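*Asks:*
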Amino acid sequence: MTPPQTSAPVLPHRCGIVPPHLLRHIAQDAPERRAAEAARHTLMHDTRQRGSRQVRTSRPEPRLPGAIGLRDPRTRHTTPAPARPDPARGAAPLEPDRRLHDARHGTTLPGQLVRSEGDPATADESVTEAYDGLGATYRLLADVYGRDSLDGRGLTLVATVHYDRDYSNAFWDGEQMVFGDGDGVYFASFTDSIDVMGHELAHGITQFTAGLTYVGQSGALNESISDVIGSLTKQQALGQTADQADWLIGAGIFTPKVRGVALRSMKAPGTAYDDPALGKDPQPGSMADYVDLPHDSDNDNGGVHINSGIPNRAFYLTAAALGGHAWERAGQVWWDVLTAAHGVRIPQDCDFARFARATLDSAAARYGADGEESSAVARAWEQVGVEPAGPGARTSRR
Numbered sequence: 008m009t010p011p012q013t014s015a016p017v018l019p020h021r022c023g024i025v026p027p028h029l030l031r032h033i034a035q036d037a038p039e040r041r042a043a044e045a046a047r048h049t050l051m052h053d054t055r056q057r058g059s060r061q062v063r064t065s066r067p068e069p070r071l072p073g074a075i076g077l078r079d080p081r082t083r084h085t086t087p088a089p090a091r092p093d094p095a096r097g098a099a100p101l102e103p104d105r106r107l108h109d110a111r112h113g114t115t116l117p118g119q120l121v122r123s124e125g126d127p128a129t130a131d132e133s134v135t136e137a138y139d140g141l142g143a144t145y146r147l148l149a150d151v152y153g154r155d156s157l158d159g160r161g162l163t164l165v166a167t168v169h170y171d172r173d174y175s176n177a178f179w180d181g182e183q184m185v186f187g188d189g190d191g192v193y194f195a196s197f198t199d200s201i202d203v204m205g206h207e208l209a210h211g212i213t214q215f216t217a218g219l220t221y222v223g224q225s226g227a228l229n230e231s232i233s234d235v236i237g238s239l240t241k242q243q244a245l246g247q248t249a250d251q252a253d254w255l256i257g258a259g260i261f262t263p264k265v266r267g268v269a270l271r272s273m274k275a276p277g278t279a280y281d282d283p284a285l286g287k288d289p290q291p292g293s294m295a296d297y298v299d300l301p302h303d304s305d306n307d308n309g310g311v312h313i314n315s316g317i318p319n320r321a322f323y324l325t326a327a328a329l330g331g332h333a334w335e336r337a338g339q340v341w342w343d344v345l346t347a348a349h350g351v352r353i354p355q356d357c358d359f360a361r362f363a364r365a366t367l368d369s370a371a372a373r374y375g376a377d378g379e380e381s382s383a384v385a386r387a388w389e390q391v392g393v394e395p396a397g398p399g400a401r402t403s404r405r
């Protein structure tokens, strides 16, 4: 049965980059009291705040009557969003509108405004890194995919640094980005990683497009899409090809104390870290090792940060097979699915099989069913053990 063609809210949730299972390991196993207390504090804070905001989801612009609203960073209310100039029609090129705030180790958002778009850099390294990371993500969206910010209509990119004390996470709360400074033992500042910034902002893109429900396989896809966009943001900023990229998410946020290189590896899920205090990276790289968990907050909503390793590896395998810049052909196929560029609408509770089918349909629509892009996509899903759903399985066309 075809789902109704309306947008709907998902369960209230804040999308953080550090999964709760990793923080629980530190809270239980870290010998350093400061780190253990910081992990417990972060977990308690995230649990307490998880339901404080309704993450609003919207479908892509052609599916909505009227414009998507813009959030005023000062009042946090919605105001009508005017369409921005289209550079394809000879107007000025798309440019970001960034607002950086400092929480000064408090938890009131957005905090004190410390840098606006076009302002000179401050002496605060975290502000500079966040400003540049927001800009790099915007450039990927605008220059590669022709999208004006997260909502496609110039949404102001609001971010807050120095959130709380010893806060070991970064998150998108449905309206803005928030960065902690880490515990100083296992985690450094969360602005140190450009792909973390791209990842969290990508949750906003999913919010305004496919609206994937943050639970089970759809939640893992939500996380995977953020990893894809986070990695592509870094690769484009560094001018890397698929074979030059490290395919790591969160490289740079661990201190030298950690036996690991990042939070996740898209190329080799399950190998990012193996540390006495953090535990071993639990991500599977194929359906043969899928982790079936209860769909509750104690189990990361069904392991959304764990099972995302499967679609992550499928994207890596596609990009590696095609070569060149991953944001071009492989990234274009995934972007087409996210934004329903060819009229195929994935449901908000989309599972891996339906998403795989959508990528095959999108590759065929853009590059041809017999093209190397379609072959690469098909082989990638086969290698991770996902059998694409039959044509039209709980998807619909506009």
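Our numbering numbers the first residue of the sequence shown as 8 and each following residue consecutively.
Using N, Cα and C, we set each Cβ at its ideal position, and we do this for glycine too.
Predicted, not measured: the structure shown is a model, and the values here were computed from it.
1. Give the secondary structure of Asp299 by DSSP, where H, G and I count as helix, E and B as strand, and everything else as coil.
2. With a Cβ-Cβ cutoff of 7 Å, do Thr240 and Gly205 count as a contact?
3. Name the two residues that bound the continuous beta strand (DSSP E) containing His210.
4. Measuring only the C-alpha atoms, how far is Pro127 from Ile353?
5. Does the distance from the C-beta atom of Ser272 to that of Leu255 stay below 7 Å?
6. Please report the straight-line C-alpha distance between Ser133 and Asp234, rounded to a whole angstrom.
7. Given this structure, state the Cα-to-Cα distance separating Pro378 from Ala372, to the nearest angstrom.
8. Straight-line CA distance for Thr114 to Asp171?
9. Provide the residue span of the alpha helix (DSSP H) that contains Leu367, from first to last.
10. Could you pull out every residue in the same chain whose Cβ sits closer than 7 Å to the Cβ of Arg47, ignoring the five residues on either side in sequence?
11. Could you name the residues of the same chain whose beta carbon sits closer than 7 Å to that of Gly392, not counting the 5 residues immediately before and after it, in chain order?
12. Assuming Trp388 and Pro398 are in contact, meaning their beta carbons sit under 8 Å apart, how far apart are those beta carbons, in whole angstroms?
13. Within a Cβ cutoff of 6 Å, which residues of the same chain sit near Leu329, ignoring the five residues on either side of it in sequence?
14. Between the C-alpha atoms of His108 and Leu141, what's the straight-line distance to the nearest angstrom?
15. Ordered along the chain, which non-local residues of its own chain (more than five positions away) have a Cβ less than 6 Å from that of Glu124?
16. What residue does the beta strand (DSSP E) around Trp179 start on, and which one ends it?
17. For the candidate residues Gln242, Ala110, Gly259, whose alpha-carbon lies nearest to that of Ala279?
18. Tell me, to the nearest whole angstrom, how far the beta carbon of Gly310 is from that of Val298; I am working on the premise that it is less than 8 Å.
19. Assign Ala376 to buried or exposed, taking buried as 16 or more other Cβ atoms, counted over all protein chains shown, within 10 Å of its Cβ.
20. Between the region 219 to 229 and the region 173 to 181, are three or more C-beta pairs nearer than 8 Å?
21. I believe Tyr145 touches Ser156 by the beta-carbon criterion, under 8 Å. Please report the beta-carbon distance rounded to the nearest angstrom.
22. Specify, as a first and last residue, the run of the alpha helix (DSSP H) that Gln35 falls within.
23. In the DSSP assignment, what are the bridge partners of Gln119?
24. Going along the chain, which residues of its own chain have a beta-carbon closer than 7 Å to the beta-carbon of Gln390, five neighbours each way excluded?
25. What is the residue span of the alpha helix (DSSP H) that Thr240 lies within?
26. Suppose you measure from the CA of Ala333 to the CA of His349; what does that come to, to the nearest Å?
27. For the beta strand (DSSP E) that contains Phe186, what are its first and last residues?
28. Nearest-angstrom Cα distance between Arg122 and Arg361?
*Replies:* For this structure:
1. coil
2. yes
3. From DSSP, His210 is part of no beta strand (DSSP E) but of the alpha helix (DSSP H) over 201 to 215.
4. 42 Å
5. yes
6. 21 Å
7. Correcting the residue identity first, residue 378 is Gly in this sequence and not Pro. Their backbone Cα atoms lie some 10 Å apart in a straight line.
8. 5 Å
9. 359 to 374
10. Ala34
11. Ser293, Met294, Ala295
12. Rounded, the Cβ-Cβ distance is 15 Å, inconsistent with contact.
13. Arg336, Ala337, Ala383
14. 13 Å
15. Asp104, Arg105
16. 177 to 179
17. Gly259
18. 5 Å
19. exposed
20. no
21. 6 Å
22. 27 to 36
23. Asp109
24. Leu324
25. 223 to 245
26. 20 Å
27. 184 to 186
28. 43 Å
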